[in-house]
Structure formats: structure tokens, C-alpha cells
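Counting from 3, one number per residue, gives the positions in the sequence shown under the working numbering. Glycine included, C-beta positions come from ideal geometry on N, C-alpha and C.
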Amino acid sequence: MQDVGSIQFQFNFIIHAYECAMHGNECLIKPLSRFPLNKIPVSLFPVGAFLVPYLFFMVIAGMPLFYMELALGQYNREGAAGVWKICPIFKGVGFTVILISLYVGFYYNVIIAWALFYLFSSFTGELPWVHCNNTWNSPNCSDLWAFNNSLNDTHKSTPAAERGVLHLQDSEGIADLGLPRWQLTSCLAVVIVVLYFSLWKGVKTSGKVVWITATMPYVVLTVLLLRGVTLPGAMDGIKAYLSVDFLRLCEPQVWIDAATQICFSLGVGFGVLIAFSSYNKFSNNCYRDAIITSSINSLTSFFSGFVIFSFLGYMSHKHSVPLDKVATDGPGLVFIIYPEAIATLPGSSVWAVIFFIMLLTLGIDSAMGGMESVITGLMDEFKFLHKHRELFTLFIVVSTFLISLFCVTNGGIYVFTLLDHFAAGTSILFGVLIEAIGIAWFYGVDRFSDDIEEMIGQRPGLYWRLCWKFVSPCFLLFMVVVSFATFNPPNYGTYTFPIWANMIGWCLAISSMTMVPLYAIYKMCTLPGKFCDVSLVHISLVYISLVYISLMFNRAITEPSTRCAPYLGSSVM
3 MQDVGSIQFQ
13 FNFIIHAYEC
23 AMHGNECLIK
33 PLSRFPLNKI
43 PVSLFPVGAF
53 LVPYLFFMVI
63 AGMPLFYMEL
73 ALGQYNREGA
83 AGVWKICPIF
93 KGVGFTVILI
103 SLYVGFYYNV
113 IIAWALFYLF
123 SSFTGELPWV
133 HCNNTWNSPN
143 CSDLWAFNNS
153 LNDTHKSTPA
163 AERGVLHLQD
173 SEGIADLGLP
183 RWQLTSCLAV
193 VIVVLYFSLW
203 KGVKTSGKVV
213 WITATMPYVV
223 LTVLLLRGVT
233 LPGAMDGIKA
243 YLSVDFLRLC
253 EPQVWIDAAT
263 QICFSLGVGF
273 GVLIAFSSYN
283 KFSNNCYRDA
293 IITSSINSLT
303 SFFSGFVIFS
313 FLGYMSHKHS
323 VPLDKVATDG
333 PGLVFIIYPE
343 AIATLPGSSV
353 WAVIFFIMLL
363 TLGIDSAMGG
373 MESVITGLMD
383 EFKFLHKHRE
393 LFTLFIVVST
403 FLISLFCVTN
413 GGIYVFTLLD
423 HFAAGTSILF
433 GVLIEAIGIA
443 WFYGVDRFSD
453 DIEEMIGQRP
463 GLYWRLCWKF
473 VSPCFLLFMV
483 VVSFATFNPP
493 NYGTYTFPIW
503 ANMIGWCLAI
513 SSMTMVPLYA
523 IYKMCTLPGK
533 FCDVSLVHIS
543 LVYISLVYIS
553 LMFNRAITEP
563 STRCAPYLGS
573 SVM
């Protein structure tokens with residue numbers, strides 16, 4: 003029988019694992035920017051068509067990969083790098099995911115700082131983004147939601163877009179960053195302090211903090227839903243959310259978008275699930291945890307969709323514009339659409355405070371998971387760090403703070419966009435693919451199933467073994483090919499990044515991917531024996547990794563930019 007402490011830790015783990023899944027971009031990539039966006043591209047109207055391939059890929063790939071990582075961490079009781087003692091030639095995958103989580107931390111904390119800045123600004127009788135008489139407004143400022151036929155007119159800017167957060171008007175591009183702005187720097191410092199004291203004692207402290215940060219969003223979402231469904235036009239938004247146009251299922255882009263969201267939404271490949279599950283009791287039922295947390299992830303996404311589209315329907319009705327013209331994804335929804343929608347409600351300041359508190363809890367929740375994967379992964383690999391957990395944690399969070407300062411300058415959004423585009427896109431797909439191949443084909447599904455049976459007394463069924471062996475690797479290979487084929491260099495609005503900036507971005511992405519072949523080469527050179535004794539498997543791993551990385555690098559420097567997807571919209575200018 004479990005003692006009370008074990009039961010409490012088990013609940014802590016389930017919440018930890020759940021928050022990784024729920025906030026996933028992606029456990030770390032864009033969790034705050036997409037939640038509560040329901041992880042669905044709102045531009046795909048009617049949205050219901052997206053749910054069919056989303057649920058299909060969740061069952062055949064999302065859940066199996068989630069289950070695999072939980073079992074891998076729990077059995078080996080190590081972080082993302084240490085677990086590869088089962089197949090040392092693949093240990094570079096562990097360092098790949100650790101680096102990716104670290105890179106994401108460089109810019110992800112900035113999103114939380116934005117939310118904190120908005121929260122402080124909400125403690126007023128009248129929200130400052132309602133009108134245009136603020137000192138930071140420009141002559142181009144227009145009344146709240148002054149939509150017209152030219153919705154993409156960059157010469158118009160709403161008050162919320164001119165919120166004074168980015169100060170893009172003081173920067174001409176990534177080569178003109180300026181100094182860090184003290185307002186955002188102060189907010190960023192508060193975020194870093196909160197993260198440190200949530201992580202410095204490991205899961206003993208983070209497990210307590212996450213009880214608040216992972217459960218509060220449900221309370222806020224429920225309150226927002228109750229308010230949203232009473233607004234005029236809300237039902238129209240919900241109908242658009244639930245309507246299914248089966249003809250849309252014939253469009254490849256719908257399936258590609260669904261597969262991409264699944265890969266990122268559950269948080270596999272970032273080392274977070276492995277790190278948290280490594281603290282579990284050896285006999286913990288990780289199969290049950292995988293089913294519960296991945297199911298909660300999907301149900302939460304479905305529930306939050308009602309909140310989103312009730313407010314989108316309201317804004318569409320209020321300003322007599324089509325719903326697809328109101329909808330946007332990414333931080334544009336969180337930091338423009340929602341603040342302006344809330345500003346139209348009675349008692350808007352109260353609603354704004356509640357909303358941004360929810361964003362803070364979501365952001366801190368996800369940031370804790372990312373930092374914990376880095377800290378646990380490196381501490382388990384370098385054992386001497388266990389004695390200096392507090393100092394090492396301080397070193398990690400301070401390092402992320404110093405790099406993040408580039409993102410809180412006047413031109414910081416350009417650095418943010420560059421990091422977001424390259425830090426965890428194709429590289430994380432590559433990492434998860436190699437991880438799945440390593441477990442299924444080199445360590446072996448049968449041996450992995452034996453490990454699970456040793457832990458929980460129950461061997462995985464045929465369905466799970468087939469998914470691990472064939473379906474999941476094929477799914478990930480498909481995702482890698484799609485990511486490669488559809489890749490475009492980043493833009494921010496009409497701003498095109500210079501070649502040198504793209505080269506820096508690719509160096510960042512490649513630096514994590516090269517951990518796989520570099521460690522494999524290191525292992526082959528340091529193991530006893532002759533080089534001719536090295537198996538074809540090891541040589542193939544190095545060759546495939548190097549070929550893939552070289553192809554991506556060649557495409558990065560030869561293909562012109564066509565992408566134009568700003569985070570907060572060009573109206574911020």
C-alpha cells in the first residue's frame with residue numbers, strides 16, 4: 003500500500019505531466035500563445051473539420067509517444083540524456099532535447115513578462131487600450147475595433163496593438179535593437195525569481211506550485227465561458243466551432259495542420275515527460291497516467307474552444323464582420339483580440355485581471371516544465387551537480403534571463419520571432435523521430451515491453467507495440483518530410499530578416515540536431531575495439547543525421563522567404 007507521501011507525489015506527477023501536455027507547443031514551443039486557442043487553426047473555417055484528423059492522429063501517434071516517454075523515464079529513473087544508457091549510441095538525442103528546451107526558455111519567459119505587464123496595466127478604472135489619448139499612442143491610432151473593409155491596412159492600428167509593449171516604432175529591424183526597456187525587464191526579472199523559487203528544491207517545490215498554476219485556468223475558463231455564452235453572437239461562434247465540412251477533409255493542409263499540432267501539443271520530445279516521470283515510484287502505473295493526461299489534454303482543448311469561439315462570435319456580431327476576419331491565432335489572439343473583447347464588457351478591469359492572471363499561471367506552469375527538463379537532464383548526466391542543485395538552478399535561470407534581455411529591447415520582437423522560428427521547429431521533430439527509432443528498432447519493442455511489464459505487471463497490448471514499431475515512426479517521418487518541404491524563413495509583418503539573421507537562426511537549430519551524430523561519433527571513437535567492428539547501424543545513424551542536417555542547411559541559404567506570419571500583427575507599428 004502506498005503511504006500518504008507517495009499518493010501526494012503521484013497526484014503531483016499527474017498534474018505535472020498534464021500541464022506539459024495541456025500547454026504543449028508544444029509542451030514549451032507556444033503554449034501560452036496557443037492556449038486557450040484550442041490548438042486549432044481558427045482560419046480553417048468551419049473548424050469542426052479539423053477535429054477529425056486531430057483525434058485520429060492523437061490515437062495513432064500522440065498517445066503512443068506520450069506513453070513511451072513516461073515509461074522510458076520511469077524505468078530508467080534518469081533525465082533526457084541519462085535514459086539512453088539502454089542504447090548509448092543514441093544519447094545525443096537526449097542532449098538535443100535538453101538544448102531545445104534551453105533555447106525555448108530564452109524567449110518563452112518573455113511571453114510571460116508580456117502577460118505580467120498587461121496585468122499591471124489592468125489595475126485601473128479604465129483599461130488603457132480602450133482609447134487613444136495615452137502618451138504612447140501614435141497619430142495612426144484608431145478607435146477600439148474600428149474595422150473597415152481594409153482589415154489588413156497597416157496604416158491603421160488599434161489601441162491594444164499600440165499598447166506600448168513592443169515599441170517597434172523605435173526600431174528599424176533586428177540590427178537596431180536598442181537597450182532593454184526597464185518596464186519589461188522588471189517584469190522579466192519577476193518571472194525569473196518566481197521560476198527559481200519554484201524549481202530550486204526540485205519537484206518538492208514545483209509539485210506544490212503546480213497545484214495552483216495547473217488548476218486555476220479551469221476556474222477562469224469556466225467563468226469566461228459562463229460570461230461568453232451570454233453575449234450576443236456567441237452562439238454563432240460556437241456553431242462555427244462545431245460545424246463539420248467533410249469536404250475539407252479532402253484538403254491535405256487540414257491533415258498536415260492536425261498532425262503538426264499533435265506532435266507539438268502533447269509535449270513529447272522536449273525531455274519534460276521523461277524528467278518528471280523519472281521521479282515516479284518504479285511500480286507506478288505509467289499506462290494509466292498516459293491515458294489520463296493525454297485524454298485530459300484533448301478534453302481541455304475541446305472545452306477551451308467553446309470559450310474562444312463564444313468571444314469571437316461576440317466580436318463578429320458587435321462589429322458586423324465575418325468570423326474568419328476576427329479570428330487570429332498565436333499571441334495576436336491573447337494580447338490583442340481578447341484584451342479588446344474584454345474591454346467591451348461591464349467591469350472590464352476585473353475581467354482583464356482575471357484573464358491575465360490565468361495567462362501568468364499557464365506560462366509559469368509551462369516554463370517550469372521546460373527548465374526542469376534541462377536541470378534534471380544535466381544533473382542526472384553530471385552527478386556532481388546533485389550536491390549543488392540550488393546553485394545550478396540559479397545558473398540556468400540567470401542565463402535564460404540574460405539572453406532574454408535581447409527580446410525586451412525596442413527591436414526585441416525580431417529576436418523573439420527568430421528564436422521562435424528556429425529553436426524548436428524542425429529540430430524537435432528530428433529529435434523525436436530519432437528517439438522513436440532508437441526505442442523501437444535498436445533497443446527493441448519486445449525489450450521495452452518487458453521493461454513496462456516489470457514495472458506495472460502488465461505487458462503493453464498489440465496496439466501499442468504496433469504503434470511504437472511502425473505507426474509512430476512513420477508518422478514522425480511524415481512530419482519531418484512535411485516540415486522540410488514547407489519550410490520558409492521567418493518574417494515579421496512586412497519585415498524580412500537579413501541573410502545573416504537567418505544564418506544565426508539555422509546555427510541555433512543545427513547546434514541541437516548535431517548532438518545526435520556528434521555523440522555517436524564520439525562514442526564510436528572512445529569505445530574499445532577496432533573501427534571495423536562498428537556496426538552498420540551506428541554508421542547509418544551518423545550518416546542519416548548528417549545528410550538531413552546538411553539538406554536543411556542548404557535549403558535555408560538557397561530558398562527565398564515567402565512566409566509572412568507576424569505574432570502580434572503589423573498593426574503594432
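Whether residue i touches residue j by CB criterion (8 Å)
{"i": "residue 433", "j": "residue 269", "result": "no"}
{"i": "residue 240", "j": "residue 312", "result": "yes"}
{"i": "residue 54", "j": "residue 114", "result": "no"}
{"i": "residue 428", "j": "residue 218", "result": "no"}
{"i": "residue 402", "j": "residue 111", "result": "yes"}
{"i": "residue 315", "j": "residue 238", "result": "yes"}
{"i": "residue 581", "j": "residue 197", "result": "Since the first residue shown for the chain is 3 and the last is 575, residue 581 is missing from the structure and cannot be characterised."}
{"i": "residue 379", "j": "residue 83", "result": "yes"}
{"i": "residue 413", "j": "residue 127", "result": "no"}
{"i": "residue 485", "j": "residue 67", "result": "no"}
{"i": "residue 75", "j": "residue 280", "result": "yes"}
Nearest-angstrom beta carbon gap, residue j and residue i [assumed within contact, 8 Å]
{"i": "residue 381", "j": "residue 107", "result": "With 8 Å as the limit, residue 381 and residue 107 do not qualify as a contact, their Cβ atoms being about 16 Å apart."}
{"i": "residue 435", "j": "residue 478", "result": "4 Å"}
{"i": "residue 73", "j": "residue 453", "result": "7 Å"}
{"i": "residue 299", "j": "residue 267", "result": "7 Å"}
{"i": "residue 51", "j": "residue 301", "result": "Actually they do not touch by this definition, with Cβ atoms about 19 Å apart."}
{"i": "residue 109", "j": "residue 421", "result": "4 Å"}
Inter-residue spacing [alpha-carbon to alpha-carbon] between residue i and residue j
{"i": "residue 289", "j": "residue 69", "result": "6 Å"}
{"i": "residue 506", "j": "residue 512", "result": "10 Å"}
{"i": "residue 451", "j": "residue 375", "result": "25 Å"}
{"i": "residue 497", "j": "residue 508", "result": "18 Å"}
{"i": "residue 309", "j": "residue 359", "result": "16 Å"}
{"i": "residue 350", "j": "residue 285", "result": "50 Å"}
{"i": "residue 292", "j": "residue 65", "result": "7 Å"}
{"i": "residue 468", "j": "residue 444", "result": "15 Å"}
{"i": "residue 459", "j": "residue 282", "result": "16 Å"}
{"i": "residue 186", "j": "residue 119", "result": "7 Å"}
{"i": "residue 94", "j": "residue 440", "result": "11 Å"}
{"i": "residue 476", "j": "residue 121", "result": "44 Å"}
{"i": "residue 306", "j": "residue 372", "result": "23 Å"}
{"i": "residue 234", "j": "residue 492", "result": "38 Å"}
{"i": "residue 263", "j": "residue 456", "result": "33 Å"}
{"i": "residue 225", "j": "residue 516", "result": "47 Å"}
{"i": "residue 103", "j": "residue 273", "result": "8 Å"}
{"i": "residue 59", "j": "residue 328", "result": "28 Å"}
{"i": "residue 366", "j": "residue 395", "result": "16 Å"}
{"i": "residue 304", "j": "residue 386", "result": "45 Å"}
From the options, residue whose alpha carbon lies closest to that of residue i
{"i": "residue 514", "options": "430, 194, 73 and 292", "result": "430"}
{"i": "residue 488", "options": "388, 250 and 258", "result": "258"}
{"i": "residue 524", "options": "75, 57, 91 and 78", "result": "91"}
{"i": "residue 348", "options": "132, 214 and 56", "result": "132"}
{"i": "residue 188", "options": "499, 407, 421 and 474", "result": "407"}
{"i": "residue 405", "options": "470, 417 and 195", "result": "417"}
{"i": "residue 462", "options": "438, 129, 172 and 287", "result": "287"}
Where the alpha helix (DSSP H) containing residue i begins and where it ends
{"i": "residue 60", "result": "Taken as a continuous stretch (DSSP letters only), residue 60 belongs to no alpha helix (DSSP H), as it is neither H nor E."}
{"i": "residue 353", "result": "350 to 383"}
{"i": "residue 2", "result": "Here the chain has residues from 3 to 575 only, and residue 2 is not among them."}
{"i": "residue 394", "result": "391 to 406"}
{"i": "residue 184", "result": "184 to 201"}
{"i": "residue 245", "result": "Taken as a continuous stretch (DSSP letters only), residue 245 belongs to no alpha helix (DSSP H), as it is neither H nor E."}
{"i": "residue 315", "result": "288 to 321"}
{"i": "residue 220", "result": "218 to 230"}
{"i": "residue 452", "result": "447 to 458"}
{"i": "residue 111", "result": "93 to 123"}
{"i": "residue 516", "result": "Where residue 516 is concerned, there is no enclosing alpha helix (DSSP H), given that its DSSP letter is neither H nor E."}
{"i": "residue 422", "result": "414 to 424"}
{"i": "residue 78", "result": "65 to 78"}
{"i": "residue 342", "result": "340 to 345"}
{"i": "residue 476", "result": "474 to 488"}
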